[in-house]
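Colleague:
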Amino acid sequence: MHCSYRKGNILSLKLRNFQTYSEIKFNFGPNLNFIAGPNGSGKSSIANALVFVFGGTPKTIGKSKNISDYIKFDTVDGYVEAVIKISDEEVCTVKRTIRAHSNTSNWFKNNIPVTKIEIQSLVQSLNINVDNLCQFLPQEKVSEFSRLSPEELLQETLETSTDKIIISKKENLKLLENNLIKIENNIDVVDKRKEGIEKVMNDMKRDVEKFVEKEKMEEKIKLMKIKKEWIIFEINQKNYTEIGNKIKVLKEKIEEENENLIEINKAIEEEQNDSQFINFDGKLVDFKNRNNKLDCKIKNISSKKQTKDLIEIDKVSLEKKINSRNSELKNLTKKIEDLKNKLNKISIPKPIEINENDKNKIDELEEELSNLKREMMKIQNESVEISKEIEDLTSKRNLLTESDSRKLEQLKKYHNDTYQAVVWLRANKNIFKDEIIEPPFLHINLKDLKYSQEVEMFLNFSILSTFICKNFEDFEKLTSFLKDEKKLKINVFEKITSESKSKYTLEEIKNLGFDGYLIDFIETRNEIKEFINIMGHFNEIPIAKKSLNENAIFKTHDFKRMVINKSYFEIKRSKYNSEDFIIIQNRISSKNFFDTKLPQQEISEIEKILKSKDLKRKDNRIQYKIIMEKINEKDDFLNDLYSKRSEYKARLMEIENITEQKKYLSNNIKDLEIEFKKLSDFSKYEIEEQEIKEKIKIINIEIQNSISEVVKNVKEENFYEFFTDLYFLHQEIKQKELKILSEKQKLKEINISIEEYNDLLKKFISSKSELKSVLKKSKKEILENKLSPLQTQVLNKLPDKIENLDKEIASESAKLTFFNIDTEFIKDFTSKENILNEINLKKSNFENEKRSVQIKIDSLKNDLIIKIQEIIKPINEKFRYFFKKINCEGKIEFHEKDLFSSKWGINILVKFRENENFEILSSFRQSGGEKSVTTILFLLSLQESSPAPFRLVDEINQGMDRYNEKLVHDILLEISEQPNSPQFFIITPKIVPDLSFSRNMKVIIVYAGMFENLERIFENYKHNVELRSEHMLLQLLDCLEKSKEISTRRAAILKVENNNKTHLALIKGFLKVKYRLVEEVTKKSLEEAQLAKLYNEIEKRKFYSKLYNARKNELASVSDSSRWLKRGNIRSRNEAVFCYIQDRNVFWG
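Encoded structure:
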């Protein structure tokens, strides 16, 4: 039973209310399971279900975080159930139920409730690990594989290995290495601590030496201080005796000074009692009174003299004014004479006579010129407008006649994004490495216009609007600029070099009556022809303008499509009987892509307008010339009149200016004469001069009288004799005062000396008292200092002077400040010695432990490296082999040298082109297709060295091209053909044409989830546009009829529809005829009729009838039907591939 399956293979998978599925069961093959279907069809739901049933979490899938999100919408619970092979005699059913509201799961093993731990134990025993990307690669994590670091890739690879001990050994090695690092860190810490303590102890040794030296210095300082005290005692004793002698001398000096003080006071008193001092004060007061009277009179005389001086100044000022007035009068006289001479010389010229007719003629000519210029401007503006119109019409005509411009304009209407891309490309060609070929729409021409409809029939949007790049670098750059940055919706194609040959030669098809292949009637560059052949197969579609027997041609020749007499024929052959086929015929229609008939009517109209505009422009030129001649003629005549008028006006201006000048000079002369008359009047100055003379005369008399009075007073009072006696008396008194002052000064000096002697005496007495107490104290201290004989010897050798001792003490004390040592440091030094011994012992233990761990690491490391290399070697060989199959190179390298085990890793190196070097697989170096190819080939390489019960890859081929996808598919087929082929699940959204298939390969086509029965297919199919529009119109009519009584607006709409007999009004009758209904048309009866009609249509189709008849066959995978069964809207090539795969499932099981 299930002999072809291996342990851990999945036999079947059942889903209920899981994501897109209501209920479905999938039966899987033991080898390659190829699951295909479009996006959103439910392919990834199969992968997600496998994750859940084997104990995975939403994190493994990489989508929603909640389990309940995977239950189908509008359902409360669901489950996933997988049947797994345990042995040839035993299979196991694992089931996981999910509830929406509680977000929890229950587990069942063979329909018996179990815990999650039991399921995990079973999964581990079967070597299943859905969290390992090398075993299970879901769609959301495909891109993560290329981002795996070398360390992560090695770990994922080892986890798929059968030798599970290698993982535990690697973990043990990692622990030992971490332990080694920890021990080395401890040794470093111990070394650092040891170094620190040794350094401190070395520092402390120096301090010990300093401490001894410090004690010696302190002893020396002590002895120097003792000797200093002895010296100070002797000095103080000597000073005490000297102070006693000084006190005695001071007392004697004070007594002597007191006697001198008494004699000086007696002499001063005698001088002050002299009679001359008493009489001098009275005489001095009398002299001051007389002097004050005389001084007042003298001051009065001085004041009058000052007044006289001021009047003299006024007199000088007046004389200056008179002289200035005379000078001004002289200047005015000269000015008046000059102006009169100038006035006499001025003469007024005679005026020129002017004719009044000339004045009127100027006005008339100016009016005529103005009218002519307005007319000329009007013609000029009209000519400019005509020139502009001619230019626009010429551009329009050129645009209609130029092919490239016309095509570019047509492209702008056809697809604006492509037009913008072409304009951008023409401006930026220089940034690309090679030429970028513009869309075929701009470059395709027809060799013969009569075949335009046939060619246009097969030219679709994707062909006409595609840019063709000659290399991949330009392809990426162009898409980056236009699609990513400018967001333009355009098609870009990388040029593929391939020779696409027709099955039949041109001569052979012409013998059949054809005119040639479609490609033969297209004139364009070779790259575009090659592109059209690849995309549209133009080199395989023959054309004939005349009628031919298409049935006979299809029977005898392997044509798939052809065009005969403006009709398109397509043949669909059975895969099982080549003579069994149907022919689909359609009339071809024109798309006007190659409408080379120029709009002649529009061009002829433009030519007529251009001709009339040109004639009008010529007439305007003639009129302009005539008007210009008239203007020039009148301008000359008018200029003569203007010159006469200007001459007349200039003469008038000259006469007016001369007249004004004479008037100005006359007025100026009058003003100057008036001013001269005013200045000639000196009467004011004469009066002022007389007044000044009178004032001077009066003041002179007063001064003379005051002087006479002063002289008289001096003579009468004997002022001079009195002053002389008083002066000599004053001199004698002054000498006596100086003598008294000198005696007083002596007296003062003696008093100061006495005070100083007394102060000094007090100090000496105080010092003597202090010295007495100091001597008493010092004597006591000296007697207390008992010195040893050695100290006495040292003391005698010390200096005998205090200054020298102070210097020595200061020097030694200064040195002592550098010996600031704590007395506890010796105890600290001893304790540090003990700590150092303990550290040395600890370091020795750590080093022994390190040697032990290193031996274990080396042993385990060598063993692990050998085992990992044994695992990697076959993987590398297989990987190289697979890459050679696709004409590329690849290898896998294991990096472990001089690294910790946590840094071990494997690198996947690939080379897709001959001229390149090997590059490590990463998320940014390779293209999407290259990463996909490398990933799938690496997973296939793992199978023999790291056998897992199954491997799954979801949508790995998204970025692959057809060529590589087919090569990878062939490798998968080759593996599935081998005796011990593994179970492999490939999920893909597309199927490349011309793939090979094998009986060891199970193909499942999935579309839109669960299809329990064929009725579900029609339920979706009936929603196409036609059927939906029938339902919509019927419902609208029912709505209008039901609400016509309550809504006047709807009643009016219904009335208009009925009167005009629109499709809405006639829908019920139309549906009755179309579906042959007898009863009233309702929503239900319409749905039943539409369903019956669809059944009949599909049953009549030859390809679909077998599937239709086998819909109840258990072997038929109807639940996985493809899109053409639902919508019927795919291309013929893809439809044939799907038919083949589906029929294979139906008839082969």
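Take the sequence shown: its position 671, counted from the start at 1, is 671 in the UniProt record's numbering, and no numbers get skipped. Beta carbons are placed, not taken as given, at the ideal position from N, Cα and C, and that holds for glycine. Model, not experiment: these values are computed from the prediction.
#1: Output needed for residue 507: all residues of its chain with C-beta closer than 6 angstroms, excluding positions within five of it in sequence on either side, in chain order.
#2: According to the Cβ coordinates, are residue 236 and residue 767 closer than 8 angstroms?
#3: Within this structure, are the beta carbons of residue 588 and residue 566 separated by less than 8 angstroms?
#4: Do residue 130 and residue 94 count as a contact pair if the criterion is CB distance below 8 angstroms?
#5: Have a look at 50, 166 and 5 and flag the residue whose alpha-carbon is nearest the alpha-carbon of residue 19.
#6: Does the region 769-776 come within contact of the region 290-306, defined as at least 3 CB pairs closer than 8 angstroms?
#7: Is the region 904-922 in contact with the region 879-894, if contact means three or more CB pairs nearer than 8 angstroms?
#8: Hey, could you find the ends of the alpha helix (DSSP H) residue 1198 is sitting in?
#9: Nearest to residue 802 by CA position, among 225, 23, 103 and 113, is which residue?
#10: For residue 75, does the count of other Cβ atoms within 10 angstroms reach 16, so buried, or fall short, so exposed?
#11: In terms of residue numbering, what span does the beta strand (DSSP E) encompassing residue 21 cover?
#12: Which residue from 22, 11, 12 and 37 puts its Cα closest to that of residue 1150?
#13: Less than 8 angstroms between C-beta atoms, sequence neighbours within five positions excluded: which residues of the same chain meet that for residue 1171?
#14: With distances taken Cα to Cα, identify the nearest neighbour of residue 967 among 952, 649 and 886.
#15: In terms of residues, what are the limits of the beta strand (DSSP E) holding residue 98?
#16: Tell me whether the beta-carbon of residue 231 lies closer than 8 angstroms to the beta-carbon of residue 759.
#17: Does DSSP classify residue 417 as helix, strand or coil?
#18: On the premise that residue 900 lies in contact with residue 186, defined as a C-beta separation below 8 angstroms, what is that separation, rounded to the nearest angstrom?
#19: Tell me, please, whether the region 547-562 touches the region 405-420 by the rule of three or more beta-carbon pairs shorter than 8 angstroms.
#20: Since residue 1155 sits in a beta bridge, which residues does DSSP pair it with?
#21: Could you tell me the alpha carbon to alpha carbon distance between residue 663 and residue 329, rounded to whole angstroms?
#22: Compare the C-alpha of residue 964 against each of 937, 383 and 523 and name the closest.
#23: Taking only runs that begin and end inside the region 747-814, name each unbroken beta strand (DSSP E) of 3 or more residues, in chain order.
#24: Does the beta-carbon of residue 474 have 16 or more other beta-carbons within 10 angstroms, so that it is buried, or is it exposed?
#25: Determine contact between the region 853-865 and the region 168-188, defined as no fewer than three beta-carbon pairs at a distance below 8 angstroms.
#26: Could you check whether residue 754 and residue 243 sit closer than 8 angstroms to each other, using their CB atoms as the reference points?
#27: Based on DSSP bridge pairs, tell me the residues matched to residue 136.
#28: By a C-beta neighbour count over all protein chains shown, 10 Å radius and 16 as the cutoff for buried, is residue 1150 buried or exposed?
#29: For residue 502, which residues from the same chain have a beta carbon less than 7 angstroms from its beta carbon, with the 5 sequence-adjacent residues on both sides left out?
#30: Measuring CB to CB, does residue 1086 end up less than 8 angstroms from residue 1034?
#31: Establish whether the CB of residue 305 and some CB of chain D are separated by less than 8 angstroms.
#32: Figure out for me which residue from 193, 1059 and 762 has the closest Cα to the Cα of residue 832.
#33: Buried or exposed: where does residue 440 fall if 16 or more other Cβ atoms within 10 Å of its Cβ makes it buried?
#34: Does residue 949 pass the burial test, meaning 16 or more other C-beta atoms within 10 Å, or should it be called exposed?
#35: Within 10 angstroms of its Cβ, does residue 72 collect 16 or more other Cβ (buried), or is it exposed?
#36: What do you get for residue 571, buried or exposed, if any count of 16 or more other CB atoms within 10 angstroms of its CB means buried?
Modeller: Taking the definition as stated:
#1: Along the sequence shown, read from residue 1 onward, the residue named residue 507 stands at position 507. Closer than 6 angstroms at the Cβ level, and outside the excluded window around residue 507, lies no residue.
#2: Stepping through the sequence shown from its first residue, residue 236 is reached at position 236. Stepping through the sequence shown from its first residue, residue 767 is reached at position 767. Not a contact, by the Cβ cut-off of 8 angstroms.
#3: Locating residue 588 in the sequence shown gives position 588, counting from the first residue. Locating residue 566 in the sequence shown gives position 566, counting from the first residue. Result yes, Cβ atoms of residue 588 and residue 566 sit closer than 8 angstroms.
#4: On the sequence shown, position 94 is the one that residue 94 refers to. On the sequence shown, position 130 is the one that residue 130 refers to. Contact: no.
#5: For the purposes of this step, residue 19 is taken as the residue at position 19 of the sequence shown. Answer by Cα proximity: 50.
#6: no
#7: yes
#8: What is shown of the chain runs 1 to 1149, which leaves residue 1198 out entirely.
#9: Residue numbering aside, residue 802 sits at position 802 when the sequence shown is read from its first letter. Minimum Cα distance to residue 802 is reached at 225.
#10: Here residue 75 is taken as the residue at index 75 of the sequence shown, counted from 1. Exposed: under 16 other Cβ atoms inside 10 Å.
#11: Within the sequence shown, residue 21 is the residue found at index 21, counting from 1. Counting along the chain, the beta strand (DSSP E) containing residue 21 begins and ends at 21-27.
#12: Not covered by the structure: residue 1150. The range shown for the chain is 1 to 1149.
#13: The chain is shown only over 1 to 1149; residue 1171 falls outside these bounds and no answer can be derived.
#14: Taking the sequence shown and counting its residues from 1, the one referred to as residue 967 is at position 967. It is 886.
#15: As a first step, residue 98 must be located in the sequence shown, where it is residue number 98. 91-99 is the extent of the beta strand (DSSP E) around residue 98.
#16: As a working note, residue 231 is residue 231 in the sequence shown. As a working note, residue 759 is residue 759 in the sequence shown. Not in contact: residue 231 and residue 759 (Cβ atoms no closer than 8 angstroms).
#17: Here residue 417 is taken as the residue at index 417 of the sequence shown, counted from 1. Here residue 417 sits in helix by DSSP.
#18: Working through the sequence shown from its first residue, we reach residue 186 at position 186. Working through the sequence shown from its first residue, we reach residue 900 at position 900. The pair is not a contact, with the Cβ atoms about 18 angstroms apart (cut-off 8 angstroms).
#19: no
#20: Since the first and last residues shown for the chain are 1 and 1149, residue 1155 lies out of range.
#21: Your numbering for residue 663 matches position 663 in the sequence shown. Your numbering for residue 329 matches position 329 in the sequence shown. If I take the Cα positions, the gap works out to 24 angstroms.
#22: One-based indexing of the sequence shown puts residue 964 at position 964. The residue with the shortest Cα to Cα distance from residue 964 is 937.
#23: none
#24: Position 474 of the sequence shown holds residue 474. Residue 474 should be labelled buried.
#25: yes
#26: Numbered from its first residue, the sequence shown carries residue 243 at position 243. Numbered from its first residue, the sequence shown carries residue 754 at position 754. In this structure, residue 754 does not lie closer than 8 angstroms to residue 243 by Cβ.
#27: Taking the sequence shown and counting its residues from 1, the one referred to as residue 136 is at position 136. According to DSSP, residue 136 bridges with 952.
#28: Residue 1150 lies beyond the range of the chain shown here (1 to 1149); nothing can be said about it.
#29: Reading the sequence shown from its first residue, position 502 is the one you call residue 502. Here the set comprises 517, 539 and 540.
#30: Along the sequence shown, one-based indexing puts residue 1086 at 1086. Along the sequence shown, one-based indexing puts residue 1034 at 1034. The answer is yes: Cβ separation under 8 angstroms.
#31: Chain labels in this structure do not include chain D; a single protein chain is all it has.
#32: Here residue 832 corresponds to residue number 832 of the sequence shown, with the count starting at 1. Here the closest residue by C-alpha is 193.
#33: Working through the sequence shown from its first residue, we reach residue 440 at position 440. It counts as buried.
#34: Position 949 of the sequence shown, counting from 1, holds the residue named residue 949. It counts as buried.
#35: As a first step, residue 72 is located in the sequence shown; it is residue number 72 there, counting from the start. With 16 or more other Cβ atoms within 10 Å, it is buried.
#36: Numbered from its first residue, the sequence shown carries residue 571 at position 571. Classification of residue 571: buried, given that the 10 Å Cβ count is 16 or more.
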